[in-house]
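K.L.:
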């Protein structure tokens, strides 16, 4: 009697047993004869048949049980060769599948860890900077001049404390920007005319407060506005300015063209007048004018191993153009200006004479007027949070020692002297290099300028002397300011194509012509907010 499943079908396992029952041949007693259809002697894979696992939900269907028994029957008849081929084919198929997945879905390598050091500046308004791990010795361009690791401390000078970076190039990196920028948030602030650090007085609201506190008037501010309009009207289509303003839109309508040829100097000094009023390439009524001028300076820069060469024949141009690039970067944090500004400063550092000064060509023994522009470029770089090696600033101080008279109260050109213009330049440089407000030589120098008074024809002298008196403050500034302010307002042209311009040719400014006189006069009338005062608390830091 055969067994069957509950539905009466023969048991597959029993049927398989019947099919393999040995034939009754002449086998020895106790032995089973080999089946007639058996395979040759050799290893055979045997498999035990286990009942299919009970399904999670109900009993297995007859079709599922039948498939399970069929697999078991086939495994009984497979040799190791068949099984090996099946395993090999499966392995090849799986490896091919994994290779395709790896090709179309690569595994991203984890980003390397980044060590960040936050630098805190002395001034609470200064934005924090980050020193990324990319600034390593391996990435640096070693230079023994930049190995100083101590910050500069200048007593009684909060703005210089602001300008000095807390981190110097201990690993040998070249001077330049800390890699972190203010970013989009800082750009949004500049788009609204809100600036930070040493430039924070140039915003619209700050200008009004500082102007009212330090002696600006509606008439002086209107003169600044007219001067900027004249400068904008004399910009050439390529974004530049020329000291010979007849070479451009003016077409000879204004008198007193200059004869100097460097376009980078003319463009730089015109830009400084706009930047002094908070007009940048991303903010203000003249942003297109400023943007075109900055683009021109970037195009004119010649890349050299020493940095970006903007001289066009003289270091005057290098210093003026570098100040413009540094101020524009400091105001806006425009990343397109970061490298041009840094490279322009690098060139100035490389051009410094071993005695500490600068003159027309790199490496020449210095004179006071060229040195003044270069030193102000280095200070503008610090205001924009760029690193300047302290040894270079200390060397500039030694040059001033070599041209001073009356123990530092007065200054000459290349030797000790007492000229008014070089004295004003020397005293301003001393202030930025850290002289205290109560230094006796500074007090005597300020008194000399005050007695000399504003000039009716020497705008170069007026520009520097006004900055000295503004930073010194007190009764000296209160005496100087109304005289200087009213003199300039009265000397501004008010008719024809010359309206808004100035022409004060003294101090050898004939070579710069009406363009240079106008730019210097406008910056002089911006003194109230162009830079924060060095020796007293600004009204922006008080409850004014």
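In this note's numbering, the protein residues as written are 882 to 1425.
We put the CB at the ideal spot given by N, CA and C, even for glycine.
CB-CB under 8 angstroms to residue 1407, same chain, minus the five flanking residues each way: which ones, in chain order?
P.N.:
1105, 1154, 1157 and 1158
K.L.:
For a test of your reading of the model: does the CB of residue 1339 fall under 8 angstroms from any non-hydrogen atom of the ligand MG? Yes or no.
P.N.:
Among the ligands in the structure shown, none appear at all, so the ligand MG cannot be discussed.
K.L.:
What would DSSP say about residue 1125, mapped onto helix, strand or coil?
P.N.:
coil
K.L.:
Excluding sequence positions up to five away, which residues of its chain have a Cβ less than 6 angstroms from the Cβ of residue 1289?
P.N.:
1322
K.L.:
For residue 1175 and residue 1152, I'd like the C-alpha separation in whole angstroms.
P.N.:
8 angstroms
K.L.:
Return helix, strand or coil for residue 1408, following the three-state DSSP convention.
P.N.:
In the structure shown, residue 1408 sits in a helix (DSSP, three-state: H, G or I).
K.L.:
Three or more beta-carbon pairs under 8 angstroms between the stretch 1370 to 1388 and the stretch 1321 to 1338, yes or no?
P.N.:
Taking 8 angstroms as the limit for Cβ pairs, the verdict is that the stretch 1321 to 1338 does touch the stretch 1370 to 1388.
K.L.:
Please tell me whether residue 1410 and residue 1136 are closer than 9 angstroms, where the distance is taken between their beta carbons.
P.N.:
Cβ distance not < 9 angstroms, so residue 1410 and residue 1136 don't count as in contact.
K.L.:
If residue 1396 sits next to residue 1126, beta carbons under 8 angstroms apart, how far is it from one beta carbon to the other, in whole angstroms?
P.N.:
So it is a contact: roughly 5 angstroms between Cβ atoms.
K.L.:
If you draw a straight line from the C-alpha of residue 1099 to the C-alpha of residue 1236, how long is it?
P.N.:
46 angstroms
K.L.:
Mind checking whether residue 1220 and residue 1265 have CB atoms under 9 angstroms apart?
P.N.:
no
K.L.:
Taking all protein chains shown into account, do 16 or more other C-beta atoms lie within 10 angstroms of the C-beta of residue 1196, making it buried, or fewer, making it exposed?
P.N.:
buried
K.L.:
List the DSSP bridge partners of residue 1184.
P.N.:
Answer is 1189, bridged to residue 1184.
K.L.:
If you compare alpha carbons, which of 1359, 1193 and 1233 is closest to residue 838?
P.N.:
Absent from the model: residue 838. The displayed extent of the chain is 882 to 1425, so no value can be given.
K.L.:
Taking just the CA atoms, how far does residue 1284 sit from residue 1380?
P.N.:
40 angstroms
K.L.:
Could you tell me the distance, in whole angstroms, from the CA atom of residue 1298 to the CA atom of residue 1399?
P.N.:
28 angstroms
K.L.:
Starting from the C-beta of residue 1066, find all residues in its chain whose C-beta is less than 7 angstroms away, skip the five residues before and the five after it, and write them out in chain order.
P.N.:
Unreliable positioning characterises residue 1066 in this predicted model, as indicated by a pLDDT of 44, which lies under 50. A coordinate reading is not provided.
K.L.:
Short check: CB of residue 1124 to CB of residue 1139, under 9 angstroms?
P.N.:
yes
K.L.:
Give me the DSSP bridge partner(s) of residue 965.
P.N.:
Paired residue(s): none; residue 965 is not in a bridge.
K.L.:
Is the beta carbon of residue 1345 closer than 9 angstroms to that of residue 1302?
P.N.:
In this structure, residue 1345 lies closer than 9 angstroms to residue 1302 by Cβ.
K.L.:
In terms of residue numbering, what span does the alpha helix (DSSP H) encompassing residue 1363 cover?
P.N.:
1355 to 1372
K.L.:
Please tell me whether residue 1306 and residue 1253 are closer than 9 angstroms, where the distance is taken between their beta carbons.
P.N.:
Yes. Within cutoff.
K.L.:
Using 10 angstroms around the beta-carbon of residue 1229, count the other beta-carbons present and answer buried if the total reaches 16, otherwise exposed.
P.N.:
Looking at its Cβ environment, which holds 16 or more other Cβ atoms inside 10 Å, residue 1229 is buried.
K.L.:
So what does DSSP say about residue 1161, is it helix, strand or coil?
P.N.:
Three-state DSSP puts residue 1161 in a strand.
K.L.:
For residue 1386, which residues does DSSP report across the bridge?
P.N.:
DSSP lists 1339 as the beta-bridge partner residues of residue 1386.
K.L.:
Tell me which residue opens and which closes the alpha helix (DSSP H) that residue 1277 is part of.
P.N.:
1271 to 1284
K.L.:
For residue 1295, which residues of its own chain have a beta-carbon under 6 angstroms away from its beta-carbon, when the five flanking residues on both sides are left out?
P.N.:
1248
K.L.:
Quick check on residue 1317: does DSSP put it in helix, strand or coil?
P.N.:
coil
K.L.:
Could you tell me the distance, in whole angstroms, from the CA atom of residue 1212 to the CA atom of residue 1326?
P.N.:
32 angstroms
K.L.:
So, with DSSP's three-state summary, where would you put residue 1312?
P.N.:
helix
K.L.:
Any idea which residues DSSP pairs residue 1292 with across the strands?
P.N.:
1285
K.L.:
Following the continuous alpha helix (DSSP H) through residue 1257, name the residue where it begins and the one where it ends.
P.N.:
1249 to 1264
K.L.:
Quick one: what does DSSP say residue 981 is sitting in, helix, strand or coil?
P.N.:
helix
K.L.:
With residue 1142 as the anchor, note down where its alpha helix (DSSP H) starts and where it stops.
P.N.:
Here residue 1142 belongs to no alpha helix (DSSP H), and DSSP marks it neither H nor E.
K.L.:
Of the residues 1270, 1268, 1257 and 1269, which one's Cα is nearest the Cα of residue 1311?
P.N.:
1257
K.L.:
Kindly indicate which three-state DSSP category residue 1415 falls into: helix, strand or coil?
P.N.:
coil
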